[in-house]
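The number in this note's numbering is simply the position in the sequence shown, starting from 1, with 25 added. For glycine and all other residues, C-beta sits at the position ideal for the given N, C-alpha and C. This report concerns only the one structure given below.
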Amino acid sequence: MIMINEFYQIFGQLVFIAGLGLIVMLASSLFLGRLLLNEDRLIFPRLLLITVDMFYGPFKKFSETLGLNSRIVDQIGVEVRNKINEKRFRSIDPHEKALVLPHCLRNPKCEARLDRTGLVCTGCNRCIIGKIKERAESIGYTVFVIPGSTFIKKIMEERRFKAVLGVACYQDLNLAMMKLSRFTPQGVPLLRDGCFKTKVDFRAVLEKMGLEGEMRRPRGCMNQVPEKTLER
26 MIMINEFYQI FGQLVFIAGL GLIVMLASSL FLGRLLLNED RLIFPRLLLI TVDMFYGPFK
86 KFSETLGLNS RIVDQIGVEV RNKINEKRFR SIDPHEKALV LPHCLRNPKC EARLDRTGLV
146 CTGCNRCIIG KIKERAESIG YTVFVIPGST FIKKIMEERR FKAVLGVACY QDLNLAMMKL
206 SRFTPQGVPL LRDGCFKTKV DFRAVLEKMG LEGEMRRPRG CMNQVPEKTL ER
């Protein structure tokens, strides 16, 4: 009986220590993540990735408990991977890269048909997809317009790309970059989320593709960059 009591006592102490350690880890990661988003300073990137990847759900709950929008966790995940993969991504030939765009960017009157790799853009120039596709393909990118994340992994594995650039809302972007971490991912978040009539910063996409010299926007495009910080 004494041994059983001692066991439960030790077990309880271990659980308490583990819980306290997790709280310290989440708090530290949140502090470092906000430092990255607000001041563009990346410190202990591996710790941030471990926290975002392994404790995704608890990290979101912890952020909400502190009065923050849980989306900050996805913002941190995207920005950390963008930072640590940027140099290698730029060194890879564009012909070995895929650009993945979400179907929600398309025009309501889009007539693109769906095949096994996503929507086949006709280049009608009614929306930003055609303009991005034109510039991306001109330097060697293979462009995909997908209606869901299930298409991404299949595309990357079947076509043997070395790197991927994706456009999506922060949550979808973060989760996709987690799954495709071995493909040196880079991501551009949408300026406006949703399932319809979303928007993306055209210049930000060009910059990620390595087309910094082409900073003139197509007519009708928004002239703002996505906010990295969140309101309380």
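Residue range of the beta strand (DSSP E) that includes residue i
i	result
L144	143 to 145
G191	188 to 193
K233	Premise fails: K233 lies in the alpha helix (DSSP H), 227 to 234, not in any beta strand (DSSP E).
A123	122 to 127
I171	167 to 171
A216	Strictly speaking, residue 216 in this sequence is Leu, with Ala absent from that position. Segment: none, L216 is in no beta strand (DSSP E) and carries neither H nor E.
Chain-order list of residues whose beta-carbon lies under 6 Å from that of residue i (same chain, five-residue window excluded)
i	result
E252	Summary for E252: the model assigns pLDDT 46, below 50, so the residue's position carries little reliability, and this model does not support an answer.
H120	G165
E237	none
N30	none
K158	C146, V168
Spatially closest choice to residue i from the options, by CA coordinates
i	options	result
R217	N150, V192, I48, E162	V192
K134	F227, F221, G92, I157	F221
V105	F227, N199, K156, A161	N199
L91	I48, P70, A161, R71	I48
Integer-rounded CB distance, given that residue j should sit under 8 Å from residue i
i	j	result
T209	N110	5 Å
R138	C152	Not really, about 16 Å apart at Cβ, beyond 8 Å.
L51	P83	7 Å
L67	L61	5 Å
Q196	D78	Not really, about 14 Å apart at Cβ, beyond 8 Å.
C129	G219	7 Å
S97	L126	Inspection of the sequence shows that residue 97 is occupied by Ile rather than by Ser. Incorrect: roughly 25 Å between the Cβ atoms, too far for contact.
For residue j and residue i, the rounded distance between their alpha carbons
i	j	result
Q38	S116	49 Å
G148	F169	13 Å
K85	M203	16 Å
L255	G212	Low local confidence applies: a pLDDT of 48 at L255 is under 50, so the model's placement there is unreliable, with the coordinate-based value given in what follows. Cα to Cα, L255 sits roughly 18 Å from G212.
C194	F41	37 Å
L231	K187	19 Å
R185	R207	12 Å
Y33	M234	57 Å
I180	F36	47 Å
K112	K122	14 Å
V259	K108	Residue 259 lies beyond the range of the chain shown here (26 to 257); nothing can be said about it.
E64	I171	33 Å
K178	A201	9 Å
Span of the alpha helix (DSSP H) around residue i
i	result
T175	175 to 184
L74	70 to 79
I109	96 to 116
R160	153 to 163
Contact test: residue i Cβ vs the ligand SAH heavy atom, cutoff 7 Å
i	result
K86	Absence of the ligand SAH from the depicted structure is noted, as is the absence of any ligand whatsoever, leaving it without description.
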